[in-house]
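Structure first, then comments.
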Amino acid sequence: MKPTHLLSSLANLLVLAQVEAAADFTNNVVFTPRDDYTSWKTIYGRSVQLQDGSLLVTWEDYAPDPPLAHFPIWKSVDGGVTWSDFVNVTDQVNGWGLRYQPHFFVLPEDLGEYRAGTLILSGMSLPADLSEAWLDMYTSTDGGENWEFASHVVYAPGPETTKNGDKAVWEPFLLMHDGELICYYSDQRDPSYAQKLSHIVTKDLKNWSDPVDDVAHSTYKHRPGMAIVAHIESTDNYIMTYEICDGPDGGCPSYYKVSSSPYDFGSAEEHKILSNDTNTNPGSSPFVIWTPHPERDDGSGLIIMNGSGREEVFINEDAGEPDGWKMVDVSQWTSHSRCLEIIEVEGEKKLMITGAGHMSRDTDNLVAVGVVGIPT
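When the letters of the sequence shown are read in order and numbered with mature numbering (1 follows the signal peptide of the UniProt record, and there is no 0), they come out as residues -21 to -1, 1 to 355.
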């Protein structure tokens, strides 16, 4: 091939790669578990975009023990088109493994000795017999390549199961507010409730406050869980989505509260999420974010959430009115606790959707992502 033809071909390939990286796509497989994986193989996918634009994805990984359970991290440097095995985050203190509900968070400001930009990975550390658990936090200062244990956050004396009466803790979610890091979680340790939603705070990632209740129903068997919180920047309010299992409507449908303070969801009014056209609930394990509206320049935005029962996302205006929820198809496979994140690809804001399958042994679970235009 002549040099000019070679250069032309390389240029065309570069342009094609740039277009593919910026284009929308759905159901892009990141990881397929081996046949010897146990339980539901993979579940509970989570993503984060780093300051350099690269993307990380992790999930609950049910590879056979040994070695001890860990949180695998895969990385993409082309907007989610291709992925590679990056690093495994392992238990450094308990000798149990990192097993359940990983969650990423990037510090937006300094916190104690930790500088802005520090990457946090929280999750549940517990042994294979589920006898007890710690909600633990790890930090990375080099984009996720190396990790250090930061602190024990909440101890669960166990067993770490969903059986009412077992003293378990689940599902951490992190939010920064007023110089403090808030950790929301599901709590089965209070004998007055099958499960409730609580939060604790820290100013240094080492010392944690006493817990505060966010959602606790007077009916013992009700199980509010899986809290996710987003800041509605245009109104300076906060929205919390969560499921209620064995609640007044049966199953595990999604609900939400809106509060003027991320510390005070306990007194906020509870609403069931229903689409305003067909009264459809998104199902269990909801996830919510807020983003500036892509078609307006008045400072307003959109609330975007989804649940495990629908491929669509549900969107609402900033006020979060109960009759404001609208379903929008994004054609991404359903998943337990499907993660939503606004990312930037080639200078354009996109919605990234990450799933790792359903909580079912009869499902061929895998980890998959979609990157689409922000739905309106």
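Glycine is no exception: its CB is placed at the ideal position from the N, C-alpha and C atoms. Just so you know, these numbers come straight off a predicted model, no measurement behind them.
With a Cβ-Cβ cutoff of 7 Å, do residue i and residue j count as a contact?
i           : j           : result
residue 47  : residue 68  : no
residue 218 : residue 180 : no
residue 253 : residue 283 : no
residue 176 : residue 84  : no
residue 107 : residue 135 : no
residue 74  : residue 34  : no
residue 342 : residue 349 : no
residue 118 : residue 129 : yes
residue 6   : residue 298 : no
residue 232 : residue 260 : yes
residue 184 : residue 91  : yes
residue 138 : residue 109 : yes
residue 205 : residue 264 : yes
residue 167 : residue 195 : no
residue 209 : residue 126 : no
According to DSSP, which residues form a beta bridge with residue i?
i           : result
residue 137 : 146
residue 45  : For residue 45, which the question treats as bridged, DSSP gives no partner whatsoever.
residue 28  : 34
residue 285 : 266
residue 156 : 159
residue 5   : Per DSSP, none; premise fails for residue 5.
residue 112 : 135
residue 82  : 101
residue 117 : 100 and 128
residue 295 : 282
In chain order, what residues of the same chain lie with their CB nearer than 6 Å to the CB of residue i, ignoring the 5 residues before and after it?
i           : result
residue 41  : 16, 17, 18 and 20
residue 236 : 219, 244, 247 and 249
residue 240 : none
residue 357 : As displayed, the chain neither begins before -21 nor continues past 355, which places residue 357 out of reach and without an answer.
residue 191 : 178
Within its chain, find whatever has a CB closer than 7 Å to the CB of residue i; leave out the 5 residues flanking it on each side and keep chain order.
i          : result
residue 96 : 30, 85 and 86
Considering only residues of the same chain and omitting the five flanking positions on each side of residue i, which have a CB-CB separation below 8 Å?
i           : result
residue 303 : 255, 295 and 296
residue 307 : 291, 292, 293, 294, 354 and 355
residue 23  : 38, 39, 79, 80, 81, 315, 316 and 335
residue 352 : 3, 273, 329 and 330
_Complete runs of the beta strand (DSSP E) confined to the stretch 303 to 337 [at least 3 residues]_ = 305 to 307, 318 to 324 and 327 to 334
*Below 8 Å, can you find three or more Cβ-Cβ pairs linking the stretch 238 to 248 to the stretch 274 to 288?*
no
*On the three-pair Cβ rule with 8 Å, is the stretch 307 to 315 touching the stretch 283 to 292?*
yes
_Going residue by residue through the stretch 178 to 252, where are the continuous beta strand (DSSP E) segments of at least 3 residues, counting only ones entirely within it?_
191 to 194, 202 to 211, 216 to 224 and 233 to 238
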